[in-house]
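To start, the structure itself, in structure tokens.
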Amino acid sequence: MVNLVLKFAAACREARLRVSTAELIDCMGQLKLIDLLEESQFKAVLRGNFAKSRREQKTFDRLYHLFFHEMRQDLAFDPERSEPGGMAEDLNEMLEGLAEQSENTPVDQAIMDFLAGDPTSYLQEIQRVESQAEASGQGLKSNLGQLSSRLEILMRLNQVRKNIRALVKDSRETPEARGRQGIADHFNERLGTAQAMLSEDNRPYNEALKQVHTHDIHYPDLGEKPFASLTAREIQDMRETIEVLVRKLKDAATRRFIARSKGVLDVKQTIRQSARYQGVPLELKFKDRPLRKAKIVALCDVSGSVWSAARFMLNMIYSLQDCFSGVSSFAFVCAPTNITDIFDKNEVNQAIEKIMTQTDITFDALTDYGEVFYQFHRDYLHLLNKRTTLIIVGDGRSNYHHPRENLLEAMRARCRRVVWLNPEPEEFWNSGDSEMLTYMAYCHEARPCRNLNQLIDFIEDLMLV
Amino acid sequence: MEFESVEDVQQKLAAANYISSREIATVVFLAVATGKPILVEGPAGSGKTELARALSRCLKRDKIRLQCYEGLDEAKALYEWEYAKQLLYTQMIKGKINDLLAATDSIAEAVERIAEQENAFFSERFLLARPLLQAISADHPVVLLIDEVDKSDPEFEAFLLELLSEFQVSIPELGIRKARHIPLVILTSNNYRDMSDALKRRCIHLYIDYPQRELEKRIVELKLPGIEKHLVEKLVAIINRIRELDLKKRPCISETLDWAQALMVLQADDLSPATVSETLNVICKYRADTHMVRAHMDRLFE
């Protein structure tokens, strides 16, 4: 029993679940208390201890099914226990036969282990493939490396399948042939599972994702026009509207702060003050709560595909920087550029002009979100902490580059909230080269933002929660 | 041990008006047996808070609730000195203090005298216990519900950690207070933000999903005795179809119950598109959702 759970825990760790030793100990202690013969109880114990949030449950459920249903641990062979002539001996024989023919590479070894009922090393291989791009870093500009590694595993799987067929064929004349055929079927089934695992997507459950589909109509005409189809005159109008709006919101936020931050009586201070009036507490002092030091980190896509919206988004980020104390802003096409300083020192139009002309953003390059996340993760991760809201503005169109969503996940783990604003209408999300669906699984909130009304809604939400 | 087996948990919870799935019962059983807190996640209205209430009913323990919000601090959650009372008392016993100091010659001596009486001012009498301290120092074991822990600040979460692992708090003036009985702690989260690994580590995790159809039927029948069987059947079927739509807020079990109650009040004994349309406001909390359901009305009645 202990071994089985340990093996399962090892497999879970390979699939990036955090299972600590303490959790294992808890789990073993709890297994003693329940009725082991009932699966729902057994599963509930493992699930309650190994997957500690809804997001992790998907991986857990997948592994649990693989490990306890598909792998059928009762068949796991233990060479010492196998009876002569039994099924287990046949299995071992066949495995040995296959092992002889396989090459001595980690991939082959992992496949053999998988056939023998231990998925840990195979999971490790898959994990290695998925995180390959992380390690190789800057030079890699496509997801081909990852793809070819997948292909390699796939080819090895096929090779093993061929070997099985050959083995069965060889022994067709012998009396054990029928038993062998059964085992071969069993192996083929497992190979099928292994293959499916290679191509399945393992996005976490993200039911808590806040998605905003509708918006209030603040301005009937101008507010509904997409940023892309505005005339020069309307652009001017829009800027003015945003300015007024920001001023209003600032007032509202200040009023709210004054009302909300009124704290309880500060006795220490009051008594100290009262000394000036011979011990009569004339001046009351209150413990005012400090202003929430919300920090915002904004990443804004300024590439060609969102060109028309980019100026407004920059405009919005500029106004955010005006409202909140700790805003860091970045613009990117294929690498993040820090534009906080430019925003701080210039008036809004000049600032945007400067960003468009004087920074080292390569506007003619292809957008690459994966690379942007990689560089951001490498250089600016220290900006994110549990008080930070990370706002990403962009269409998620990454030109079929590797999306590297695991980096976004790592960033999510560091900050308070991740909000994605997409200047495309929702119907187009995840069409073509858009990776929106992939990224959405790692956001706390995703909303379209393509006209003024939606923008206003968002800013109000952000300021007044 | 308060529960004998997982079945026992299920039965006792049912007796306390809470129908639980096998998974919920198992986790509750383990939490009670091992004294570990439960971290409950799930969509709003799926019965997270109700679980704590039901547990307090069937274990016959008091329930102490701490609602978390942004800016919640130790003074509101743990304890506070009642300064006003302290000031009042010092005023009232001024004479006594003067007597005490009458015989002293120097200021140093006077301070010494006062210091001897310090305990009188920083004692239980002036301590205002907030939910967490109440739960720890209660005479009988209690159920402690820490609601919406995801709304609290990271600092508060760190502070909770200490409490949940040691079940003791230190009050500088009084020393360390150890729990007399380990309370059954239930933390709920709506996943507004992710909880820290350290906190998750200390809890058994439980996710309460939308209930299975059969379970939902049983819940409605339990909570609203006297409701027509075929109405429940239809109601639950339609709710389940509504959940399949792409809504802003999918109706949970609490909405199902509200709806069933509304239908009973209206004395509707059958569901037609017209009745659904009229009572939709009970299930849908957003205007856009109402429109969406109306637009798909024919699909609900297939």
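Going down the list, the protein sequences come from chains A and B. Okay, so the first sequence: first residue is 791 according to my numbering, each after it adds one. Okay, so the second sequence: first residue is 95 according to my numbering, each after it adds one. Just so you know, even glycine gets a beta-carbon here, dropped at the ideal spot from N, CA and C.
Does A/D825 come within less than 8 Å of chain B when only Cβ atoms are used?
Taking the first sequence and counting its residues from 1, one reaches residue 825 of chain A at position 35. Answer yes: the Cβ-Cβ gap between A/D825 and chain B drops below 8 Å somewhere.
Indicate whether at least one CB of chain B lies closer than 8 Å to the CB of A/N1256.
Here chain A comprises residues numbered 791 to 1255, so residue 1256 of chain A is not present and cannot be evaluated.
Which runs of the beta strand (DSSP E) fall wholly inside the stretch 175 to 256 of chain B and span at least 3 residues, in chain order?
Runs of the beta strand (DSSP E) inside the stretch 175 to 256 of chain B: 221 to 223, 237 to 241.
Per DSSP, which residues does A/W1210 bridge with? Please list them.
On the first sequence, residue 1210 of chain A is found 420 positions in, with the first residue counted as 1. BP columns for A/W1210 point to A/I1182, A/A1236.
Quick one, are the C-beta atoms of B/D288 and A/S810 less than 8 Å apart?
Start at 1 with the first residue of the second sequence, and residue 288 of chain B comes out as number 194. Start at 1 with the first residue of the first sequence, and residue 810 of chain A comes out as number 20. No; because the gap between Cβ atoms is not below 8 Å, this pair is not in contact.
Alpha carbon to alpha carbon, what distance is there between A/M902 and B/D244?
Position 150 of the second sequence, counting from 1, holds the residue named residue 244 of chain B. Position 112 of the first sequence, counting from 1, holds the residue named residue 902 of chain A. Straight-line Cα distance between these residues: approximately 44 Å.
Quick one: grab the DSSP three-state call for B/Y173.
Counting from 1 along the second sequence, the entry for residue 173 of chain B is found at position 79. If DSSP states are grouped into helix, strand and coil, B/Y173 belongs with the strands.
How long is the line joining the alpha carbons of A/F1163 and A/G1013, rounded to whole angstroms?
Sequence index remark: in the first sequence, residue 1163 of chain A carries index 373 (1-based). Sequence index remark: in the first sequence, residue 1013 of chain A carries index 223 (1-based). Going from the Cα of A/F1163 to the Cα of A/G1013 covers about 32 Å.
What does A/R1206 touch in chain B if you count any residue whose Cβ is under 7 Å from its own?
Reading the first sequence from its first residue, position 416 is the one you call residue 1206 of chain A. The contacting residues are R287.
Are there 16 or more other CB atoms within 10 angstroms of the CB of A/E870, so buried, or fewer, so exposed?
Within the first sequence, the letter at position 80 stands for residue 870 of chain A. Note that A/E870 has pLDDT 44, beneath the 50 cutoff, so the model's placement of it is unreliable and the number below is only indicative. With fewer than 16 other Cβ atoms within 10 Å, it is exposed.
Among residues of its own chain, excluding the 5 on either side of B/P367, which ones have a beta-carbon nearer than 7 Å to its beta-carbon?
The residue labelled residue 367 of chain B in the question sits at position 273 within the second sequence. Around B/P367: M391, F395.
Alpha carbon to alpha carbon, what distance is there between A/F1102 and B/I240?
Looking up residue 240 of chain B in the second sequence gives position 146. Looking up residue 1102 of chain A in the first sequence gives position 312. So the alpha carbons of these two residues sit roughly 42 Å apart.
Would you kindly check if the distance between the Cβ of A/T1228 and the Cβ of A/P1193 is under 8 Å?
What you label residue 1193 of chain A is simply residue 403 of the first sequence in a count that begins at 1. What you label residue 1228 of chain A is simply residue 438 of the first sequence in a count that begins at 1. Their beta carbons are under 8 Å apart, which means A/P1193 touches A/T1228 by this criterion.
So that I know if they touch, is there some Cβ in chain B lying closer than 8 Å to that of A/K959?
Start at 1 with the first residue of the first sequence, and residue 959 of chain A comes out as number 169. Output row for A/K959: interface = no.
Three or more C-beta pairs under 8 Å: does that hold for the stretch 252 to 270 of chain B against the stretch 98 to 116 of chain B?
Touching, no.
Using a beta-carbon distance cut-off of less than 7 Å, what residues from the stretch 994 to 1017 of chain A approach chain B?
The stretch 994 to 1017 of chain A vs chain B, Cβ under 7 Å: E997, A998, H1003, T1004.
Looking at C-alpha atoms only, which residue of B/A252, B/E251, B/R274 is the closest neighbour of B/Q262?
In the second sequence, counting from the first residue as 1, residue 262 of chain B sits at position 168. Of the listed residues, the one whose Cα sits closest to B/Q262 is B/R274.
Could you pull the DSSP bridge partners for A/S1093 from this structure?
As a working mapping, residue 1093 of chain A is identified with position 303 in the first sequence. In the DSSP output, where bridge partners are listed per residue, A/S1093 has none listed.
Have a look at B/S264 and B/A232 and give me their C-alpha separation to the nearest angstrom.
The residue labelled residue 264 of chain B in the question sits at position 170 within the second sequence. The residue labelled residue 232 of chain B in the question sits at position 138 within the second sequence. Near 16 Å, if we compare the C-alpha coordinates of B/A232 and B/S264.
Within 8 Å of any Cβ in chain A, is that where the Cβ of B/V103 sits?
Reading the second sequence from its first residue, position 9 is the one you call residue 103 of chain B. Answer no: the Cβ-Cβ gap between B/V103 and chain A never drops below 8 Å.
What are the boundary residues of the alpha helix (DSSP H) that includes B/F123?
By 1-based counting over the second sequence, the position of residue 123 of chain B is 29. From DSSP, the alpha helix (DSSP H) with B/F123 extends over 116 to 128.
Leaving out five residues before and five after A/Q1068 in sequence, what residues of the same chain have Cβ atoms less than 6 Å from its Cβ?
To locate residue 1068 of chain A, count along the first sequence from 1; it is residue 278. So the list is empty, once near-sequence residues are dropped.
Could you check whether the stretch 324 to 341 of chain B touches the stretch 371 to 389 of chain B, counting it as contact only if at least three pairs of C-beta atoms, one from each stretch, sit closer than 8 Å?
In short, these stretches touch, since the Cβ pair count reaches three.
Which parts of the stretch 269 to 323 of chain B are runs of the beta strand (DSSP E), unbroken and 3 residues or longer, counting only runs that do not cross its ends?
Listed in chain order, they are 269 to 272, 278 to 283, 298 to 301.
Given a threshold of 16 other Cβ atoms within 10 Å of its Cβ, counted over all protein chains shown, does B/H324 qualify as buried or as exposed?
Against the second sequence, residue 324 of chain B aligns to sequence position 230. Exposed: under 16 other Cβ atoms inside 10 Å.
Ordered along the chain, which non-local residues of its own chain (more than five positions away) have a Cβ less than 7 Å from that of A/D1223?
As a working mapping, residue 1223 of chain A is identified with position 433 in the first sequence. Same-chain partners within the cutoff: R1187, S1188, N1189, Y1190.
Quick check: the Cα distance between B/I302 and A/S989, rounded to an integer number of angstroms?
Within the second sequence, the letter at position 208 stands for residue 302 of chain B. Within the first sequence, the letter at position 199 stands for residue 989 of chain A. Answer to the nearest angstrom: the Cα atoms are 30 Å apart.
Hey, A/D1150 and A/T1127: beta-carbon distance below 8 Å or not?
For the purposes of this step, residue 1150 of chain A is taken as residue 360 along the first sequence, with counting starting at 1. For the purposes of this step, residue 1127 of chain A is taken as residue 337 along the first sequence, with counting starting at 1. The answer is yes: Cβ separation under 8 Å.
For A/G819, would you say it is in contact with chain B, using Cβ-to-Cβ distances shorter than 8 Å as the test?
Counting from one through the first sequence, the residue named residue 819 of chain A turns up at place 29. Yes, A/G819 counts as interfacial toward chain B.
Under 8 Å by Cβ, that's how I've got A/P1238 and A/N1212 pegged, so tell me the actual separation to the nearest angstrom.
Position 448 of the first sequence holds residue 1238 of chain A. Position 422 of the first sequence holds residue 1212 of chain A. That belief holds up - the Cβ atoms of A/P1238 and A/N1212 are roughly 5 Å apart, short of 8 Å.
So which residues of chain A does B/Y177 contact, with C-beta pairs closer than 8 Å?
On the second sequence, residue 177 of chain B is found 83 positions in, with the first residue counted as 1. Neighbours of B/Y177 on chain A, chain order: L1055, V1057.
Can you give the beta carbon distance from B/A382 to A/H1003, rounded, assuming they're within the 8 Å contact cut?
Your numbering for residue 382 of chain B matches position 288 in the second sequence. Your numbering for residue 1003 of chain A matches position 213 in the first sequence. At roughly 6 Å, the Cβ-Cβ gap stays under 8 Å, so B/A382 and A/H1003 are in contact.
Output the distance between the C-alpha atoms of A/V919 and A/F857, rounded to the nearest integer angstrom.
For the purposes of this step, residue 919 of chain A is identified with residue 129 of the first sequence, where counting begins at 1. For the purposes of this step, residue 857 of chain A is identified with residue 67 of the first sequence, where counting begins at 1. If I take the Cα positions, the gap works out to 21 Å.
Let me know if A/H855 comes out buried or exposed under the rule of 16 or more other beta-carbons within 10 Å of its beta-carbon.
The sequence position of residue 855 of chain A within the first sequence is 65, counting from 1. Looking at its Cβ environment, which holds fewer than 16 other Cβ atoms inside 10 Å, A/H855 is exposed.
Given that a residue counts as buried once 16 or more other Cβ atoms are within 10 Å of its Cβ, and exposed if not, what is A/D975?
Taking the first sequence and counting its residues from 1, one reaches residue 975 of chain A at position 185. Per the 10 Å Cβ criterion, exposed.
Run the CB neighbour count on A/T948, radius 10 Å, all protein chains shown included, and call it buried at 16 or more, exposed below.
The sequence position of residue 948 of chain A within the first sequence is 158, counting from 1. The sequence shown places Asn at residue 948 of chain A, rather than the Thr named in the question. The residue is exposed, with fewer than 16 neighbouring Cβ atoms inside 10 Å.
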